[in-house]
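Residue numbers for the sequence shown follow numbering that gives the first Met the number 0, beginning at 0 and rising by one. All C-beta atoms, glycine included, are put in the ideal place defined by N, C-alpha and C. Please read the structure below before turning to the comments.
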Amino acid sequence: MWRDESVTWQVAHRPLGGTAELLGQVDAVHGLYYLLMHAVFQAWDGGLWALRLPSVAATALAAAGVAAIAHRLAGERAALCSGVVYAVLPPVQMYAQEGRSYALVAAAVVWATYLMLRERWAAYTAVLLLGCWLHEFAALALLAHAVTARRSRGWRWSAAVVVLLLLPLAAVSVRQAERQLGWLGRPGWQDWAAYGVLAAAVLLLARGPAAPRELVRVAVPLALLPPGLLMAISLVHPWYVDRYVLYALAGLALLAGTRLAAARRRRPWLLTAALLVPFGWWSVWLRTPDSRKDDVLAVAAAVRERARPGDAVLFMPSRRREWLLSSPELYGTLHDLALARTPAASRSLQGTELPAEQIWARLVDAPRVVALLDPADQPLDAYPREAVKRQTLASHFDLCSMDEVRGARIAVYAQPGQCP
């Protein structure tokens, strides 16, 4: 379980009143998802299984939706190939096994696309609105759908209703954007290169008679417009992360699956085999802890081995408190000396910390400190609280041990001469 999943686990286990207070301060964009997961854990508190099962089910539902679209526009063979292509795409597999909302959003957008083709406008509105309330960047799918359905009066009414009913969430989340997304930078060259590869693949697959014209009109905008527009917006407001528009891969799957279905004789099976080899390796790697930035359960286990009851614990930076919040039985045995108010009391995700001078006063009196740090190659926060933590440990303590554990460093400090 990595730190984003840890947030889901914690918030979903809070009382509903506490969750509502949190969403008024931060993370409103994920509010509906947290309520859904709260219901899941109320029905079955099954740990990682319960945390990830909705994403697994949603990915299967999305793959079925891709197949349904392809069946309507290109036939049965294309339906089978497109659904399989979507299911084996590595980013799809990654978020199928993650306790976050992105797989559910993708399923909602895919089925809304199918309902658009069927001109079931009431159902289209409900399903797309559900996706937007699970994550508001699903609204970018409206721009892709406009290419296909903008002349339909039913679609225009549906789009207007979705936008109108999404406005309350947008108004709240815009106020939270700096706290929510302040860690993001503008898209780098790697992001633009990845988008270029996607665009080239989509346009190449869309060429020629193998891809039906109506399918191209649905798939190309869906694949290219949401990520492209979000990246363009991010030149001014850095909001782009590829997982926010995961659903765009449905467009790629439709084109690739239709092309695969149109191939003759042995070619589709040879191509499938050629793709499955690297995808299979990637799929296996995605199921290992190394595929995530960190592993909060592994970090907690390592702290449990090194810490003694009553030891002080220090998070550097403070947002790494996330690493232990999902292990309350361990966290409760340690003295979090920088903590001013708990996450629940402060209506926040990681709690609030004391002023720098109070942190210093507590820290210099601590006989032994377990410090949880980012990897050595990460930039250091320049905030006064973080600076005083680093400076006080360096000037008043001996470093007893330093270990790296899945995206984290765990350091044990003691007063001079007290290391074992």
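Annotation for Asp376: no beta strand (DSSP E) segment contains it, and DSSP assigns it neither H nor E. In terms of CA proximity to Ala247, Leu221 leads the group Lys292, Leu348, Leu221.
Contact annotation: Leu329 and Arg367 have beta-carbon atoms that are not nearer than 7 Å. For Leu202, the enclosing alpha helix (DSSP H) stretches over residues 188-205. Scanning its chain for C-beta atoms nearer than 6 Å, with the 5 sequence neighbours on each side dropped, one finds around His144 the residues Met115, in chain order. Following the DSSP letters along the chain, one finds Cys80 in no beta strand (DSSP E) but inside the alpha helix (DSSP H) bounded by residues 75-87. For Val387, the uninterrupted alpha helix (DSSP H) run begins and ends at 383-395, by DSSP.
Leu338 sits in a strand when the DSSP states are folded into three classes.
The continuous alpha helix (DSSP H) containing Arg117 extends over residues 101-117. Comparing alpha-carbon positions, the option among Val91, Leu88, Ala66 lying closest to Ser81 turns out to be Ala66. Assignment of Tyr412 by DSSP, reduced to helix, strand and coil, places it in the strand class. Nearest in C-alpha terms to Asp376, of all of His395, Thr351, Ala407, Leu398, is Ala407.
In this structure, Val6 keeps its C-beta atom at 7 Å or more from the C-beta atom of Gly256. Judged by pairs of C-beta atoms under 8 Å, the segment 333-344 does not touch the segment 395-404, as fewer than three such pairs exist. In the DSSP assignment, Asp402 is bridged to Ile409.
Bounds of the alpha helix (DSSP H) holding Ala19 are 15-22.
In chain order, Ala78 place their CB closer than 6 Å to the CB of His70, counting only its own chain and leaving out the 5 sequence neighbours on each side.
For Ala299 against Trp322, the beta-carbon gap comes to about 7 Å, under 8 Å, which counts as contact. For the pair Ala102 and Ala95, the CB atoms are nearer than the 7 Å cut-off. With respect to the C-alpha of Leu52, the residue from Ala38, Gly74, Glu97 having the closest C-alpha is Glu97. Going by DSSP, Val298 is part of no beta strand (DSSP E) but of the alpha helix (DSSP H) stretching over 295-305.
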